[in-house]
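Student: Let me give you the structure first, and then I'll get to my questions.
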Amino acid sequence: MIDFELTQEQNDAIKRAHQIAEEMFRPISRYYDEHEHESPNEMIDTLWSRRQEATLFGGLDLTAALTVEEVCWGDAGFYLVAPGPCLGGAAVFAAGTREQMERFLKRFSEGGPKWGAMAMTESGCGSDTSAISTTAVRDGDEWVINGEKIFVTWGKRALEESDGFVVVWANIDRSAGRAGMKSFVVEAGTPGVRVEKLEKKLGIKVSDTATIVFENCRVPFDNILGSPEIKKAAEGKAAGFKGAMATFDVTRPIVGAMALGVARAALDFVKDVLREEGIEVRYGSPRKNLTTIEKDVMEMEANYKAAKMLILRSLWMMGQLQPNNLESSMAKAKAGLAATKITQKAIEIMGPLGYSRKYLLEKWMRDAKINDIFEGTGQINMLIVARRILNYSRDELK
Amino acid sequence: MISFSPTEEQQMIVNMVRQFAEDEVRKVYRECDESGEIPDRIVNTAWSLGLVSTGIPEEYGGGDGEHSSITGCLIAEELAWGDLSIAMHILCPALVALPVLEMGTAEQKKKYLPGFCGAKYRPASAALIEPRFNFDPCALATAARLDGNAYILNGQKCYVPLAAEAETLIVYASDNGTGQAFVIDKGTPGLVIGEREKNMGIKGLATYELTLNDCRVPRENRLGGADGCDFNRLLNCSRVALSAMAVGVARAAFMYSRDYAKERVAFGEPIAARQAIAFMLAEMAIEIDSTRLMTWEAAWRLDRKEEATKEASLVKMYADDMVLMVTDRAVQILGGHGYIREHPVELWLRNGRGFVTFDGMAIV
């Protein structure tokens, strides 16, 4: 039955997440935007000690999306520094064996705060992930990893500030192309891995975005996620590359939920200011009879809603164990763009209030933009949608 | 619990209506647009599917299914995928049946509902839109004044589908400043049916101007009797219905232009293999899907009897834009061929352009 009612559990989770957003995130949001690379340690410790609740927004299901939206309404950057398995954990979860899950994920239920990062992008390849040059060569019972990864979210926190790990994508056989792409868990403290630098960014400044260098970095043979065998395209699909892409089917709608949170923060700000000025949107009136501001607000709200519906659908499908590759990319493409446009429009509507650093609105515009970029740019997701609806391979539609 | 899965029963209805749209509607819709006539055969076949009567209780002769706006949306999308004029024509009886079913007095239900449960299609209609550029359903110029035991209605309406043949009409008018509905029988003095309108699109559907000249309507014919009706809710039911139809029209245009783009070869490969075309199609698909889901959500609120003005208005606005964007791009993808009436995309663009004007012409 088509239904949009939230469960009691979901409502409670949203309420708790909103409280964290409002009471913990918002008051210090501006400070950490202006003090890039400072770490909100007190907040991190609190989130870690309350991680039973924090896992509510550390998950990757529909309920998590609802709470991710809520905490990102507070501050998207803080959501990204919340300790937990994060993207690295998602990769282990998606492709790891039971033994690997136990070995790598257990740490998130004990001791101090930890993070799990994922390293994919390189200076020479972003969206074209199959062109990575980082290599992993087998040497007896070990893999030897060499290469440099950039834009690793949580990179520093995972490797230097906690006993976390980074899942690194490397090629075990360049001649095999995409089929040779495999992922490896590199734990904090492993010799041969180091954080080279932290990026300075447009937004989500509190989140650490690191360059990581692997120099003859040796990890146990069993740290490979998925099969060490190279399945050539001729035997079916390029299994290694597909593993990476399957992770995205899960994480893309979650990134979409982040975008929703930021977009709604901007929308709420605009509506609050308008309400104080006595301006209410006349929803039932024909559009041509409305003021420009009313039309703009309605368009922003509708776009927010459109994105939200796509996100909920893709995660509902995942929960039903239905393939959701198309729907995840639809949701991500729509949400990333919607949040970008909504926050930018909000600044236009708010005039001097919007552009001023006295308010958070300008920050939300900067924060929102990343959602149209990471986990697949809007254009890459459109390409995936296009291939799916046309039933084209990547060779047929480049 | 959030779910995007129609019930088994709903899926059966969808499959049945889709089959009908494919096998019957798609065979005649171009001819209907050119001639302005919809064959009785199509209308009668559709009527025999029981799309309107199923939601009417057994005591009035209906199918005793529970009326659901969500189900209505699913049906409206499939029919409009077939053709918008035919979809609106087929669903016209609901313009009277549903308001009476939801908001009528016991007498009104007894009087009018059985007529919609017979074996024969019963033409009915509703008059909401008024012929001025700044028409606003929340501020109707058509007025109803109580005079003893009757209301006197005065005003002008347009875009009234099937007005000439309708056995019963609901006319929306301002009653002391609030919108109310008045059930008017065919032939009531003062109810003047004008010329058939000539529109840019929905040319198969016969729509009329209508004038109310001191039209006397018995007091008991005000929908809902002394309490009146929830006019706003009826507007929302209409917004949702039209949004669902917009999704249907857009889906038709999307599917056609997608298939065309895969077959049409230029510079040595199908034009769909170029991002300029492929990305247009991707955006069309995304916007169609999101509009459908928003429509469902608004309909879900209506089924729960919740206030849904915001949701229904948002989705209607979104659907108006979406269907224009999608149908325009479909024409664009076909290029010169899209402009020729041999292909259907120009028809869908003309029909799609209408949604922003349409109000109260369908209801779920």
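Note that the protein sequences, when read in sequence, are chains L and F. FYI, in the working numbering the residues of the first sequence are 221 to 618. FYI, in the working numbering the residues of the second sequence are 237 to 600. Glycine residues also receive a C-beta, built at the ideal position from the N, C-alpha and C atoms. Every value quoted in this text rests on a predicted model; they were computed, and no experiment measured them.
(1) For F:S493, decide whether its Cβ has a neighbour in chain L, counting only Cβ atoms nearer than 7 Å.
(2) Just confirm the distance between the C-beta atoms of F:V581 and F:A486, as a whole number of angstroms; I'd bet it's less than 8 Å.
(3) Just the C-alpha distance for L:S249 and L:K618, rounded to the nearest angstrom, thanks.
(4) Mark F:M520 as exposed unless 16 or more other C-beta atoms lie within 10 angstroms of its C-beta, in which case mark it buried.
(5) Taking the alpha helix (DSSP H) that F:Q247 falls in, what are its first and last residues?
(6) Can you tell me the Cα-Cα spacing of L:L541 and F:A363, whole angstroms?
(7) Considering only the alpha carbon of each residue, which of L:L379, L:M570, L:S549 and L:V439 lies closest to L:E496?
(8) Using a C-beta cutoff of 7 Å, does F:S479 count as contacting chain L?
(9) Under 7 Å between the Cβ atoms of L:V475 and L:N391?
(10) Would a C-beta distance cut-off of 7 Å place L:M520 and L:K565 closer than the cut-off?
(11) Our contact map puts F:I599 next to F:S479 with C-beta atoms below 8 Å; I'd like the distance itself, whole angstroms only.
(12) Which one of L:N509, L:A551, L:E616 and L:W293 has the shortest CA to CA distance from L:Q599?
(13) Please confirm if F:C374 has its CB atom under 7 Å from at least one CB of chain L.
(14) By Cβ distance below 6 Å, which residues in the same chain neighbour F:G298 in space, the five residues on each side in sequence not counted?
(15) If you reduce the DSSP assignment to three classes, tell me which class L:G384 lands in.
(16) Can you name the start and end residues of the beta strand (DSSP E) that L:M401 belongs to?
(17) Identify each residue in the segment 386-413 of chain F for which the Cβ-Cβ distance to at least one residue of chain L is less than 8 Å, and report them in chain order.
(18) Mind checking if F:W243 is an interface residue toward chain L, Cβ cutoff 7 Å exclusive?
(19) Whose Cβ in chain L lies nearer than 8 Å to the Cβ of F:L550?
(20) Helix, strand or coil: which one does DSSP assign to F:L441?
(21) Helix, strand or coil: which one does DSSP assign to L:A454?
(22) Residues bridged to F:C451 by DSSP?
(23) Nearest-angstrom Cα distance between L:V312 and F:V567?
(24) DSSP beta-bridge partners for L:L418?
(25) Touching or not, the segment 365-373 of chain L and the segment 338-354 of chain L, by the rule of three or more beta carbon pairs under 8 Å?
(26) Kindly list the residues whose CB is nearer than 7 Å to the CB of L:K421, restricted to its own chain and excluding five residues on each side of it in sequence; keep chain order.
(27) In chain L, which residues lie less than 8 Å from F:Y496 when you measure between Cβ atoms?
(28) Under a Cβ-count criterion, where at least 16 other Cβ atoms within 10 Å of its own Cβ denotes burial, should F:Q247 be classed as buried or exposed?
(29) Thinking C-alpha only, which one of F:A512, F:R500, F:V592 and F:E338 is nearest F:G572?
(30) Are the CB atoms of L:F434 and L:I365 within a distance shorter than 7 Å?
(31) Residues of chain L with CB closer than 7 Å to the CB of F:Y554, please, in chain order.
(32) Note down, in chain order, each residue of its chain lying with its Cβ closer than 6 Å to the Cβ of L:S534, except the 5 sequence neighbours on either side.
(33) When the Cα atoms are used, what is the spatial distance from F:M597 to F:E366?
(34) Buried or exposed, going by whether 16 or more other CB atoms sit within 10 Å of the CB of L:N611?
(35) Tell me where the beta strand (DSSP E) around F:A598 begins and ends.
(36) Looking at the C-beta of F:F467, does it have a partner C-beta in chain L at a distance below 7 Å?
Tutor: On the basis of the data shown:
(1) no
(2) Actually they are not in contact, since the Cβ atoms of F:V581 and F:A486 sit about 11 Å apart, beyond 8 Å.
(3) 41 Å
(4) buried
(5) E244 to F256
(6) 47 Å
(7) L:M570
(8) no
(9) no
(10) yes
(11) That belief does not hold up - the Cβ atoms of F:I599 and F:S479 are roughly 12 Å apart, past 8 Å.
(12) L:A551
(13) yes
(14) S289, I292 and C353
(15) coil
(16) M401 to E407
(17) none
(18) Residue 243 of chain F is actually Thr in this sequence, not Trp. Yes, contact with chain L.
(19) Y503, M518, E521, A522 and K525
(20) coil
(21) Its pLDDT being 47, under 50, L:A454 is placed unreliably in this model, and the value from its coordinates should be taken loosely. Looking at L:A454 - three-state DSSP - the assignment turns out to be helix.
(22) F:L389
(23) 47 Å
(24) L:A430
(25) yes
(26) T429
(27) Within 8 Å Cβ-Cβ: nothing; F:Y496 doesn't reach chain L, min ~12 Å.
(28) exposed
(29) F:R500
(30) yes
(31) A522 and A526
(32) P473, N544, E547, S548 and A551
(33) 12 Å
(34) exposed
(35) It is not in any beta strand (DSSP E) - F:A598 carries neither H nor E in the DSSP assignment.
(36) no
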